[in-house]
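In what follows, a single structure is set out as structure tokens and then discussed.
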Amino acid sequence: MAESPIEAEVGEAMPPPNPLPAPEMEPPSEAEPAVPLPQPAGSGVLVNDRFFVDISKPIPELDTPSAKAFTVEDRREIGRPLYALVCTPGLPTRIDAMIELKGFALDGLLTLVEWEVVDWPLLDQRSMVVIYDRPLGGRVLETMEAGTYKVTEYDFPRRIMEPLVEGLKNIAALNIPHREIRPGNVFFKDKDLQLAVLGDCVTVPPGFDQPSLFEPIDRGMAPPSGRGLGGLPEDVYSLGATLVVLMLGYNPVGRISEEEMLAAKMEQGSYAAICSSARLPIALLEPLRGMLNDTLEERWGLEELEGWLSGKKQASIKQIPIVKSEFSYAFEGYNHVTPRTLARYLSRHRDKAMQVINDEALMGWLRRGLDDPGRADGVKAAVDTARLHKDEPEGSDDFVIAKVCMVLDPKAPIRYKGLSFMPDGFGTAMAVELLRKGDVTLPMEVLAQDIPNLWYGLQKSVFPGASTQQIEFAKLKGYFNIKQMGYGFERCLYETNPSLPCQSNILIKDYVYDIEDLLPALDAASKRVDANTKPIDGHIAAFLAAHFEEDLLPHLRALAAPNEETATIGMLSLLAFLQWKLRIKSLLGLSSWVGGLLGPAINTYHSRTTRREIEKEIPGLVRKGSLPELFDLIDNAVNRQTDSDGYIEACREYADAEMEIRDIQGSGTELLTKAERMGKQTAAVISIILSMIVSSVLFISEIF
82 MAESPIEAEV
92 GEAMPPPNPL
102 PAPEMEPPSE
112 AEPAVPLPQP
122 AGSGVLVNDR
132 FFVDISKPIP
142 ELDTPSAKAF
152 TVEDRREIGR
162 PLYALVCTPG
172 LPTRIDAMIE
182 LKGFALDGLL
192 TLVEWEVVDW
202 PLLDQRSMVV
212 IYDRPLGGRV
222 LETMEAGTYK
232 VTEYDFPRRI
242 MEPLVEGLKN
252 IAALNIPHRE
262 IRPGNVFFKD
272 KDLQLAVLGD
282 CVTVPPGFDQ
292 PSLFEPIDRG
302 MAPPSGRGLG
312 GLPEDVYSLG
322 ATLVVLMLGY
332 NPVGRISEEE
342 MLAAKMEQGS
352 YAAICSSARL
362 PIALLEPLRG
372 MLNDTLEERW
382 GLEELEGWLS
392 GKKQASIKQI
402 PIVKSEFSYA
412 FEGYNHVTPR
422 TLARYLSRHR
432 DKAMQVINDE
442 ALMGWLRRGL
452 DDPGRADGVK
462 AAVDTARLHK
472 DEPEGSDDFV
482 IAKVCMVLDP
492 KAPIRYKGLS
502 FMPDGFGTAM
512 AVELLRKGDV
522 TLPMEVLAQD
532 IPNLWYGLQK
542 SVFPGASTQQ
552 IEFAKLKGYF
562 NIKQMGYGFE
572 RCLYETNPSL
582 PCQSNILIKD
592 YVYDIEDLLP
602 ALDAASKRVD
612 ANTKPIDGHI
622 AAFLAAHFEE
632 DLLPHLRALA
642 APNEETATIG
652 MLSLLAFLQW
662 KLRIKSLLGL
672 SSWVGGLLGP
682 AINTYHSRTT
692 RREIEKEIPG
702 LVRKGSLPEL
712 FDLIDNAVNR
722 QTDSDGYIEA
732 CREYADAEME
742 IRDIQGSGTE
752 LLTKAERMGK
762 QTAAVISIIL
772 SMIVSSVLFI
782 SEIF
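Counting in the numbering used here, the sequence shown runs from 82 upward without gaps.
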């Protein structure tokens, strides 16, 4: 079962009770692809020829919202307590973080032991499996519920807060944001319940399993798939909200809905919204104010946290007041006093949004209520600009709504037609759109209309990485605009999701995320696909282009050629180049598959003799499994030149013969003249012969 909501985790005896489930505490809806798994007995898979994952022994208490937990046996170190998390196929994982964390026993963090893609029989396809040291003390919150662990407000900073800050420090030193800090992901590493650690952070995209309560306001407004990578400030915020719940033993805002929670954060600030109704130890109020500060520049970092834990006095925390209107603006049953809440409602009620945007009362509310004429002018400019582009995408209602929402709340996620994402979360948002809907139309419209540039243009301060992100969006638009294999939306998908497995229908069950696994996967696929299917489609071409370091442009251009002959040679050249460059030995299945598709390429030779010779040699090369040799046979430069020279010579000889025939036969009036002359000559000869015959007959008759 998936990780339970915190309200459900807290025992009923712990005050105050929370009978109503809080949506923000439930696993995000986008984590649902983790399907319930049946439990066959006595079977499993081997990871890295060492770790046996027993699929007959699930560990539901260690499940995450998007991954299932199973018992692991170490074949070399018998008795070592381990467990595996099996990831949701198709959902991007954080392989970059796996590489950095693997094998390092860092204080405050669960140790990531191993990871590998394996054949997972419960899903009948390959899946990513991540192996961790098993937390022997279980989840911290569950031990509190059960009464097996109690901590006083005086011991809490040392026993819970300090080790978690240490974990945050260690992972930040690797330049990896954790982005999955929540009460349900904090464990005791030991049976004695002394070592608190942060749990998994690599099995899903950053922030994907996070309830919105534990995300900063801007990222919490985005759906799980669009929250983006973020960084240390986001982790500090998540840790602050987590410490509130761990200190109290319950969720202090568990009775209200997600929308109410977000609105409270926007109108009161995160600290007030989360902590105002809770009885927290006075000593913890200062760090919580610093960690839950909504102003990124004023939020505490590791230096302040370590200083506070060591007893050093910290500088006073600056709380920037939230701008509120003196009177409210009513829309969809809510009285808005801040532009942030109104922008969110406009994006969620697009059918009525234009009525509000064109409403003079909105201008009055912005100018007089908020005393913000600049924002009012921005809304008016968006409407006026749209009128100049009436029949263009920039003049559409959806474009105007997206732009006005940015004007009202520049720091909020980009919101367009129901698609919502932080700029650094565009890639995962696109991947999940493809996974859930099989469609990436909306992300591509966002690129085509340069909507991210609107967002960057409205930011009042430059943040680290902004220029890099803008350059990346420009590249993505360029990829999308090229309508040939290796580009389009597929290229955008793999450029923004380096760990996403290839989504080609040919390879979807093989979980190919590494370029070196692609040809072997195609080789295996040759046994199950239609022989007339080409081994390279749009997804495979884009995956190769995004992951391969060498320049593949010549191959991609040939592959995209309109004529079948050139496209076939382009396909073979690309596959042969990969086998040669990656030093992959024999590919018998793939060679046989490709060999059966080479008819158009063979027919490019003019000589029938050459074509027959090539057809005779193909089976021998197929049995060797060598695509480079097959390509050399089909497109050998010497053979091509010989064939071309022979063809030119044959054409010349044919032309000479044709000219000779024409010289003999003539043409036009000359041919008619020759015919008349020849006719006369023939008639004369016949006349002479007849005359001689008659004369001879008369002569003989005279004699006899």
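All C-beta atoms in this analysis are idealised placements derived from N, C-alpha and C, irrespective of residue type, glycine included.
The structure presented is a predicted model; accordingly, all values stated were derived computationally and were not measured.
If you draw a straight line from the Cα of G311 to the Cα of P287, it comes to about 8 Å.
The distance from the Cβ of V210 to that of V128 is about 6 Å, consistent with a contact at the 8 Å cut-off. Looking at the backbone, the Cα of L669 and that of G677 are separated by about 12 Å.
In summary, P474 is exposed, with fewer than 16 beta-carbon neighbours lying within 10 Å of its beta-carbon over all protein chains present. Just measuring C-alpha positions, the residue of Y230, P601, F237 and A641 sitting nearest D273 is Y230. Listed in chain order, the alpha helix (DSSP H) runs fully inside the segment 304 to 340 are 313 to 329, counting runs of at least 4 residues. By the criterion of a C-beta distance shorter than 7 Å, V610 is surrounded in its chain by I587, once the five residues flanking it on both sides are discounted. Within the same chain, Cβ atoms closer than 6 Å to the Cβ of A623 are found at G567, E571, R572 and Y575, the five residues on either side in sequence being excluded. Considered as a whole, the segment 222 to 301 harbours 243 to 254 as its complete alpha helix (DSSP H) runs of no fewer than 4 residues, in chain order. DSSP, read as helix, strand or coil, puts T145 in strand. Proximity to P146 across T152, E526, L166 and I401 peaks at L166, based on C-alpha coordinates. Around the CB of K346, 16 or more other CB atoms lie within 10 Å, so the residue is classed as buried.
Distance from the Cα of V521 is smallest, within the candidate group M225, F561, R336 and L489, for F561.
DSSP links T152 through a beta bridge to D135 and Y164. Contact between S585 and S673 fails: their C-beta atoms lie close to 19 Å from each other, not under 8 Å.
Note: F502 is bridge-paired with I495 in the DSSP secondary-structure output.
Residue burial is scored here from C-beta neighbours: G321 has at least 16 other C-beta atoms within 10 angstroms and is therefore classed as buried. For N534, the uninterrupted alpha helix (DSSP H) run begins and ends at I532 to G538, by DSSP. Note on A467: 16 or more other CB atoms within 10 angstroms of its CB, so buried under the neighbour-count rule.
Distance from the CA atom of E739 to the CA atom of I784, rounded to whole angstroms, is 56 Å.
By the Cβ neighbour-count rule, M511 is buried, with 16 or more other Cβ atoms within 10 Å of its own.
Bridge partners of I212 according to DSSP: A165 and E195. Here T152 has D135, K138, I140 and Y164 as same chain residues with Cβ atoms under 7 Å from its own Cβ, once five neighbours each way along the sequence are excluded. Less than 8 Å divides the Cβ of L427 from the Cβ of V485.
Around the beta-carbon of V766, fewer than 16 other beta-carbon atoms lie within 10 Å, marking it exposed.
It is roughly 13 Å from the alpha-carbon of E646 to the alpha-carbon of H687.
Under the three-state reduction of DSSP, D200 is assigned to strand. Secondary structure note for G125: its beta strand (DSSP E) is the uninterrupted segment G125 to V128.
Straight through space, the alpha carbons of H628 and V675 are spaced by roughly 22 Å. DSSP, reduced to helix, strand and coil, places Q565 outside both helices and strands of the structure shown, so it counts as coil.
Under the Cβ criterion (8 Å, minimum of three pairs), the segment 326 to 343 does not count as touching the segment 383 to 398. Secondary structure at F544: coil, using DSSP grouped into helix, strand and coil. S501 and A344 do not touch by the CB rule: their CB atoms are close to 16 Å apart, not below 8 Å. In the displayed model, Y426 falls within a helix according to three-state DSSP. Taking all protein chains shown into account, K518 has fewer than 16 neighbouring C-beta atoms within 10 Å of its C-beta and is therefore exposed. In the DSSP assignment, F629 falls outside any beta strand (DSSP E), carrying neither H nor E.
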